[in-house]
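From first to last, the protein sequence lines are chains A and B. According to the numbering used here, the first sequence is numbered sequentially starting from 1. According to the numbering used here, the second sequence is numbered sequentially starting from 247. Just so you know, even glycine gets a beta-carbon here, dropped at the ideal spot from N, CA and C.
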Amino acid sequence: MTLLRTKGLSRHFDGLKAVDGVDFALDPGEIRAIIGPNGAGKSTFVSLLSGRIKPSAGQVFFEDRDVTGMPAHKRVRMGIAYTFQITNIYGAMTVLENIAIAAQNRLRPHLFSRKPVSEVQIARAATKAAQEVGLGDLLYETAGTLAYGHQRLLEVAMGLALQPKLLILDEPTQGLSDSEIGNFQEVVRRVAQSATVLLIEHNMDVVMALADRITVLETGQVLAEGSPGDIVSNDAVQAAYLGAPA
Amino acid sequence: MTLHNGKLLALCVVTVIVLFVLQFVLPPYLTLALTRILILSVFAMGYNMLMGYTGLLSLGHAMFFAAGLYAAGLSTYYWGVTLPVAFLLGIIGAFAVSLVIGLLALRTQAVSFMIVTLMFAQAGYLMTLQFTSITGGDQGLTLPTDARSFGLFGFVVDMTSDTARFNLALLIFTVVLGVLFAITQGPLGRLFVAVRENEPRTQMLGFDTYAIKLTAFTVSGTISGTAGALYGLMFGYIGSSFAGFQNSIEALLYTLIGGPGTLLGPLLGTAVMTMLIDRLSGITTAYLIVIGVLLIVVNLWFPKGILGTIRDRWLGWLK
């Protein structure tokens, strides 16, 4: 069984075909990287998966259920978590409060829960997620004042607190230092033990170190797909990236 | 590792005790003023729920105040229901109105939301004038003598007695404060603030933000209407001026001065503003100019209001 599948998925912005008829399948448990030149449609593609934008055509299936018309928040409930390319946190709140909102979605999904989960449980789950990414010492810091690398980790912690089946990371290492990237890879590996990870990434070292399989997008279409070794030796990919004649 | 807010709860308890003791210290004139302040701050607390905690600026909250006022007042005026029943009907009326208006108004955002709430409120105001034969319009209706007292558990409570009025207002204020503490300092309140701080992010954490906003809107309108019902029944008068634009603006002012998104801000803001207007109007008829200048100053230098500024500088738990 595939975890996530798309059929002819397309998104056109007026004349621009940002995503154009993509057939894509993701198996449970893998770490998949999506790479491609700037403007290849990577971010649009994962936005279609998460439901942030609606497709022009095609379908998305999650656990064999058609979720194409489902609003984003319901897809999150089903287990698709998305972390933003541009850091998108609650700047005025503390680290703990940021993650608590995510934890609350899982522990207390209904607004008027008849069996309310205690605040202690929510706080405990949030603290655990913070510790997993190494933010355990910064629980009471205001999120907006954190260093950029920590804010990226906070994004991931919020994703983790949802305990998703699929975690979509949109350029997670952008702007991180080398040591932060090393720590980040550890975090992703740990996450991958319990969730499927879909990673958009520019840093090829990170991709090669983490990904089980790689999908290459170009001008909205799938150019190639395979193991890291296959992709590196693929002539079409080299042409797309390096501009060299195939 | 805690998300509870024990300090704020303690401050609320102290505030209620101080308010209770004040009636033995203050002269009757000020006790009456404090009664009004308590009821109007319930109105502002309702407003603050939406504007302060959820970040939705409504310009039409007079319509909810009036919904409670008229539902309570008219039912006792025409059907002669007892005051507790009328009060309950007022709350139900405000709940119904705020739920329906919320369903419609929350389809818009930001400036459109302000305008839509204002338009609905103006429509409501004009309706109270249109049906003058029922509502009494501008002149209003004075509730009959038998609607000025009620018996409860063997006690007769007289609505013309200052002591009864003050303690009843304090009781309702305390209940509302308790309810709002439970809401704002718990999981539901966290979601309100999450919507205020970053709505798209909240959606991507799996929450239906429309449902969250509708909940905040309905709670807010219902509490504002509770204040309206109490005001009408307690002072025995209902009139269309309560449905007017100025009433909406006053709720906004009280909240802004006291501190939007702070639990006790509305009480402080209402007290400061009503006492100020009271004193100034004794000195000059142009007191609104002074109020205007004060508001500009507050907005320029203390946009978070009195308690909001204190929270940001010193006491983080004051929320």
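Within-8 Å CB hit, residue i to chain A
i, result
"Ile429/B", "no"
"Thr388/B", "no"
"Asn493/B", "no"
"Thr248/B", "Only weak support is given to the placement of Thr248/B: the predicted model assigns it a pLDDT of 44, under 50, and the value that follows is read from those uncertain coordinates. So yes, Thr248/B belongs to the interface."
"Asp454/B", "yes"
"Arg557/B", "no"
Cutoff 8 Å: residue i Cβ touching any chain B Cβ
i, result
"Tyr82/A", "yes"
"Glu11/A", "Reading off the sequence shown, one finds Arg at residue 11/A, where the question assumed Glu. False, the Cβ-Cβ gap to chain B never drops below 8 Å."
"Ile101/A", "yes"
"Met70/A", "no"
"Gln163/A", "no"
"Leu4/A", "no"
"Arg77/A", "yes"
"Leu48/A", "no"
"Leu111/A", "yes"
"Asn88/A", "yes"
"Gln104/A", "yes"
"Ala246/A", "Reliability of the predicted coordinates at Ala246/A is poor, the pLDDT of 46 falling under 50, and no value is obtained from them."
"Arg108/A", "yes"
"Ala130/A", "no"
"Met93/A", "yes"
"Gln174/A", "no"
Residue(s) in a DSSP beta bridge with residue i
i, result
"Arg65/A", "Phe62/A"
"Glu225/A", "Thr215/A"
"Val197/A", "Ile31/A and Leu167/A"
"Val421/B", "None; Val421/B has no bridge partner."
"Val19/A", "Arg11/A"
"Phe396/B", "Val403/B"
"Ile80/A", "Leu166/A"
"Leu4/A", "Leu26/A and Phe62/A"
"Ala415/B", "None; Ala415/B has no bridge partner."
"Ala57/A", "Ser10/A"
Test: residue i CB closer than 8 Å to a CB of chain E
i, result
"Ile214/A", "This model lacks chain E altogether; the protein chains it does include are A and B."
Residue i beta carbon near the ligand ATP (any heavy atom closer than 7 Å)
i, result
"Ala279/B", "Inclusion of the ligand ATP in the displayed structure is not the case, the ligand content being empty and no account of it being possible."
Review point. Which parts of the segment 525-553 of chain B are runs of the beta strand (DSSP E), unbroken and 3 residues or longer, counting only runs that do not cross its ends?
Key: none
Point to revise | Near-chain B residues of the segment 190-213 of chain A (beta-carbon distance less than 9 Å), N- to C-terminal order | key: none
Point to revise | Residues, ordered as in the chain, of the segment 431-452 of chain B that lie near chain A by beta-carbon distance below 8 Å | key: Gly432, Pro433, Leu434, Arg436, Leu437, Val439, Ala440, Glu443, Asn444, Pro446, Arg447, Thr448, Gln449, Met450, Leu451 and Gly452
Check your understanding: At a cut of 8 Å, does the segment 330-350 of chain B reach the segment 499-515 of chain B through at least three beta carbon pairs?
Key -> no
Check your understanding: For the segment 457-468 of chain B, which residues have a beta carbon sitting closer than 8 Å to at least one beta carbon of chain A?
Key -> Ala457, Ile458 and Thr461
Exercise for review: For the segment 117-128 of chain A, enumerate the residues whose C-beta is nearer than 9 Å to any C-beta of chain B, in chain order.
Suggested key: Val117, Glu119, Val120, Ile122, Ala123, Arg124, Ala126 and Thr127
Practice item. May I have a chain-ordered list of the alpha helix (DSSP H) segments no shorter than 4 residues that lie completely inside the segment 464-489 of chain B? Key: none
**Study point:** Ranges of the alpha helix (DSSP H) found wholly within the segment 111-189 of chain A, counting only runs of at least 4
**Key:** 119-132 and 148-161
Exercise for review: Please determine if the segment 55-75 of chain A and the segment 119-131 of chain A are in contact, where contact requires at least 3 C-beta pairs separated by less than 8 Å.
Suggested key: no
Review point. Of the residues that make up the segment 133-160 of chain A, which ones have a beta carbon closer than 7 Å to any beta carbon in chain B?
Key: Met158
Point to revise | Inter-stretch contact at 8 Å, needing at least 3 Cβ pairs: the segment 136-144 of chain A / the segment 80-95 of chain A | key: yes
Exercise for review: Tell me, please, whether the segment 22-33 of chain A touches the segment 71-85 of chain A by the rule of three or more beta-carbon pairs shorter than 8 Å.
Suggested key: no
Review point. Can at least three beta-carbon pairs, one atom from the segment 451-463 of chain B and one from the segment 270-281 of chain B, be found at a separation below 8 Å?
Key: no
Check your understanding: Which full runs of the alpha helix (DSSP H) of 4+ residues lie inside the segment 258-322 of chain B, going along the chain?
Key -> 274-294
Check your understanding: Just checking, does the segment 469-483 of chain B make contact with the segment 430-444 of chain B on the three C-beta pairs under 8 Å criterion?
Key -> no
Practice item. Evaluate the contact criterion for the segment 224-242 of chain A versus the segment 180-196 of chain A: three or more CB pairs, one atom per stretch, below 8 Å. Key: no
**Study point:** Stretch pair the segment 295-308 of chain B + the segment 354-363 of chain B: three plus CB contacts closer than 8 Å
**Key:** yes
Review point. If you scan the segment 329-395 of chain B from start to end, which runs of the beta strand (DSSP E) of 3 or more residues do you find wholly inside it?
Key: none
Check your understanding: Within the chosen definition, does the segment 352-360 of chain B reach the segment 471-488 of chain B through at least 3 CB pairs nearer than 8 Å?
Key -> no
**Study point:** At least three beta-carbon pairs within less than 8 Å, the segment 203-212 of chain A to the segment 40-54 of chain A
**Key:** no
Check your understanding: How do the segment 82-89 of chain A and the segment 429-438 of chain B stand: do at least 3 beta-carbon pairs fall below 8 Å, yes or no?
Key -> no
Check your understanding: So does the segment 317-331 of chain B actually touch the segment 520-536 of chain B, counting three or more Cβ pairs closer than 8 Å?
Key -> no
Check your understanding: Looking at C-beta atoms only, is the number of pairs between the segment 157-168 of chain A and the segment 127-134 of chain A that lie closer than 8 Å three or more?
Key -> yes
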